[in-house]
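Visitor: In the working numbering, the protein residues as written are 344 to 617.
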């Protein structure tokens with residue numbers, strides 16, 4: 344069996360270490376800050392660069408979505424005027440808009456770059472001026488304008504997404520798909536879908552790479568749609584959702600997903616009957 348770990352707040356007091364003896368553990372994004380899963384997946388550029396710069400990718404396997412390595416010969420082209428104008432907009436001092444990381448005493452052979460156009464981001468923020476700033480912190484905050492450049496080095500454990508490289512889904516659902524390719528009993532822990540408050544339900548909200556603490560709760564329609572697709576694709580698999588122990592209305596008629604509480608999960612772990 345495989346345990347897929349979402350970052351919903353319901354798992355806040357659950358000890359993930361108790362799962363290690365029972366199966367592989369798949370996690371996503373900021374989970375690496377607190378826990379080391381067997382498989383880690385990250386999607387957005389900012390968390391991908393954070394993970395790599397932390398050194399995690401040299402000790403543990405990790406799948407990074409926004410991670411195309413460019414040869415060092417391309418680096419200077421980033422700073423041609425026409426390239427700057429196209430990719431980061433009309434800036435007076437490009438160094439102010441360049442967040443660059445390199446490894447000490449390492450030859451610069453390859454780098455990964457992400458670019459956010461300042462002019463476009465300013466326009467998008469203006470169009471969303473009625474939003475709370477925490478709502479656009481993830482994608483439109485000023486500190487993300489310009490280049491994010493991370494130099495790589497040999498012997499990292501970064502892997503590509505293979506057949507999932509073009510899938511338009513989120514990291515939590517992607518690890519569920521990847522786990523389903525490997526096993527037919529999948530636990531979904533921290534997959535909260537709904538928020539009990541008006542603010543977003545995520546353990547890492549307010550930290551870098553996430554929306555702010557006061558960001559509005561997210562409509563779960565997209566997550567539920569992708570869950571339906573998952574259940575359809577693997578009709579003979581057994582999924583166990585750990586949460587309040589009752590199905591969401593949109594999924595209550597599905598026969599290949601079970602709904603249990605964290606207390607019931609603890610009981611299963613203690614009895615070794617999963």
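We put the beta carbon where it would ideally sit given N, CA and C, even for glycine.
It should be emphasised that the depicted structure is a prediction, and the values quoted were computed from it without experimental measurement.
#1: So, at 7 Å on beta carbons, what are the nonlocal neighbours of residue 630 in its own chain, with the 5 sequence-adjacent residues on each side left out?
#2: Helix, strand or coil: how does DSSP classify residue 458 here?
#3: Distance, Cα to Cα, residue 421 vs residue 457?
#4: Compare the C-beta of residue 437 with all C-beta atoms of chain D and state if any pair is closer than 8 Å.
#5: By the DSSP assignment, the alpha helix (DSSP H) with residue 556 in it spans what residues?
#6: Under 8 Å, do residue 532 and residue 455 count as touching if we go by C-beta distance?
#7: Could you please give me the residues that DSSP links to residue 367 through a beta bridge?
#8: Note down, in chain order, each residue of its chain lying with its Cβ closer than 6 Å to the Cβ of residue 483, except the 5 sequence neighbours on either side.
#9: Take residue 314 and list the residues in its own chain whose beta-carbon comes closer than 6 Å to its own, dropping the five residues that flank it on each side.
#10: Would you mind giving the Cβ-Cβ distance between residue 407 and residue 394, rounded to the nearest angstrom? I have them listed as a contact below 8 Å.
#11: Quick check on the burial criterion: 16 or more other C-beta atoms within 10 angstroms. Buried or exposed for residue 439?
#12: Within 10 angstroms of its Cβ, does residue 487 collect 16 or more other Cβ (buried), or is it exposed?
#13: Leaving out the 5 sequence neighbours to the left and right, which residues in its chain are closer than 7 Å to residue 493 when beta-carbon positions are compared?
#14: Among residues of its own chain, excluding the 5 on either side of residue 498, which ones have a beta-carbon nearer than 7 Å to its beta-carbon?
#15: Using DSSP with H/G/I as helix, E/B as strand and the rest coil, what is residue 386?
#16: What ranges does the beta strand (DSSP E) occupy inside the segment 410-452, keeping only unbroken runs of at least 3 residues that lie completely in it?
#17: Taking only runs that begin and end inside the segment 497-544, name each unbroken alpha helix (DSSP H) of 4 or more residues, in chain order.
#18: Give me the Cα-Cα distance between residue 313 and residue 380, rounded to the nearest whole angstrom.
#19: Please state whether DSSP places residue 576 in a helix, a strand or coil.
#20: Taking only three categories from DSSP, how would you classify residue 398?
Guide: To lay it out plainly:
#1: Missing from the structure shown is residue 630; the chain here goes from 344 to 617 and no further.
#2: strand
#3: 11 Å
#4: In the structure shown, chain D does not exist; there is a single protein chain.
#5: Looking at the DSSP string, residue 556 is not in any alpha helix (DSSP H), and its letter there is neither H nor E.
#6: no
#7: 345
#8: 464, 467 and 468
#9: The question about residue 314 has no answer, for the chain in this structure spans 344 to 617.
#10: 7 Å
#11: exposed
#12: buried
#13: 392, 395, 396, 444, 454 and 455
#14: 401
#15: coil
#16: 441-444
#17: 514-523
#18: In the structure as shown, the chain starts at 344 and stops at 617, and residue 313 therefore has no counterpart that could be examined.
#19: helix
#20: coil
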